[in-house]
Amino acid sequence: DVKVTQSSRYLVKRTGEKVFLECVQDMDHENMFWYRQDPGLGLRLIYFSYDVKMKEKGDIPEGYSVSREKKERFSLILESASTNQTSMYLCASSFRPLNEQFFGPGTRLTVL
Amino acid sequence: AQSVTQPDIHITVSEGASLELRCNYSYGATPYLFWYVQSPGQGLQLLLKYFSGDTLVQGIKGFEAEFKRSQSSFNLRKPSVHWSDAAEYFCAVGVISTDKLIFGTGTRLQVFP
Numbered sequence: 733d734v735k736v737t738q739s740s741r742y743l744v745k746r747t748g749e750k751v752f753l754e755c756v757q758d759m760d761h762e763n764m765f766w767y768r769q770d771p772g773l774g775l776r777l778i779y780f781s782y783d784v785k786m787k788e789k790g791d792i793p794e795g796y797s798v799s800r801e802k803k804e805r806f807s808l809i810l811e812s813a814s815t816n817q818t819s820m821y822l823c824a825s826s827f828r829p830l831n832e833q834f835f836g837p838g839t840r841l842t843v844l
Numbered sequence: 002a003q004s005v006t007q008p009d010i011h012i013t014v015s016e017g018a019s020l021e022l023r024c025n026y027s028y029g030a031t032p033y034l035f036w037y038v039q040s041p042g043q044g045l046q047l048l049l050k051y052f053s054g055d056t057l058v059q060g061i062k063g064f065e066a067e068f069k070r071s072q073s074s075f076n077l078r079k080p081s082v083h084w085s086d087a088a089e090y091f092c093a094v095g096v097i098s099t100d101k102l103i104f105g106t107g108t109r110l111q112v113f114p
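If you read the protein sequences in the order shown, they are chains A and B. Just so we're aligned, residue 733 is where the first sequence starts under my numbering, counting upward by one. Just so we're aligned, residue 2 is where the second sequence starts under my numbering, counting upward by one.
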């Protein structure tokens, strides 16, 4: 069974903290994605990566960075968390960018 | 600019009733279209996709969708809803030039017994 796992289901952090969200896929997919999901706004793409060490900005990259050192792992980094980054974060992977994307269960991040 | 509109934020149906969820898109070329479902506490799962060919697409869990170019629509249908279909449904368009998916804001489906 194909799988995308995310390191935490729930996370609570304080303003100004550095936050790491980890995502691992076991499908040998080239492409990986980070989205944030907010009520009434749907999913918005933060960053994606089409290969190891490659990254592309999505629609809302401000305040975030990413790292992809290994093919199976894609990390989202909040350098200095702020309250407006409180959200659900979803990781996804796919063989090709516009093929089916497989999603992880999400991390609900609260920044106090 | 490309966009996806799901006009219904929340829909309530009785179990066994038919269902249609609306999706309209704005895209200059032939679109890649998707429907995803998100059950409570879970990530998204692909229901079906349209890339080309037959405009009526069959998906998993008894869902189907019809691509209508003239109406820029890709509505999702199911003839008889089950209580387990209660979830949030997202329509998405794939933008070939950027390799990105653009998602609609979602429709939350509630099913009454």
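Ideal Cβ placement from N, Cα and C applies to all residues, glycine included. Just so it is clear, the structure is predicted and the values come from calculations on it, not from any experiment.
Interface flag for residue 59/B against chain A is unset, since no Cβ pair is found closer than 8 Å. Counting along the chain, the unbroken beta strand (DSSP E) around residue 809/A starts and ends at 805–810. Taking the Cα positions, residue 13/B is about 19 Å away from residue 6/B. Counting C-beta atoms within 10 angstroms of its own C-beta, residue 737/A has fewer than 16 neighbours from the protein chains shown and is therefore classed as exposed. 757/A is the residue among 777/A, 743/A, 757/A and 747/A whose C-alpha sits nearest the C-alpha of residue 800/A. Between the segment 24–33 of chain B and the segment 767–779 of chain A there are fewer than three C-beta pairs closer than 8 Å, too few to call the two in contact. By the C-beta density criterion, residue 101/B is buried, having at least 16 other C-beta atoms within 10 angstroms. For the pair residue 82/B and residue 18/B, the CB atoms are nearer than the 8 Å cut-off.
Residue pairing for residue 37/B: DSSP places it in a beta bridge opposite 47/B and 91/B. For a Cβ distance threshold of 7 Å, nothing in chain B lies close to residue 827/A: the least Cβ distance comes to about 12 Å. Distances from the alpha-carbon of residue 760/A to those of 805/A, 810/A, 815/A and 839/A put 805/A closest.
Taken in chain order, the members of the segment 98–109 of chain B whose beta-carbon sits within less than 9 Å of a beta-carbon on chain A are 99, 100, 101, 102, 103, 104, 105, 106 and 107. For residue 757/A, no CB of chain B lies under 8 Å from its own CB, so it is not counted at the interface with that chain. Taking 8 Å as the cut-off, the Cβ atoms of residue 776/A and residue 837/A do not count as close. CA-to-CA, the gap between residue 11/B and residue 90/B works out to about 10 Å. Within chain A, the residues placing a beta-carbon under 9 Å from that of residue 44/B are 736, 738, 822, 823, 824, 834, 835, 836, 837 and 838, ordered along the chain.
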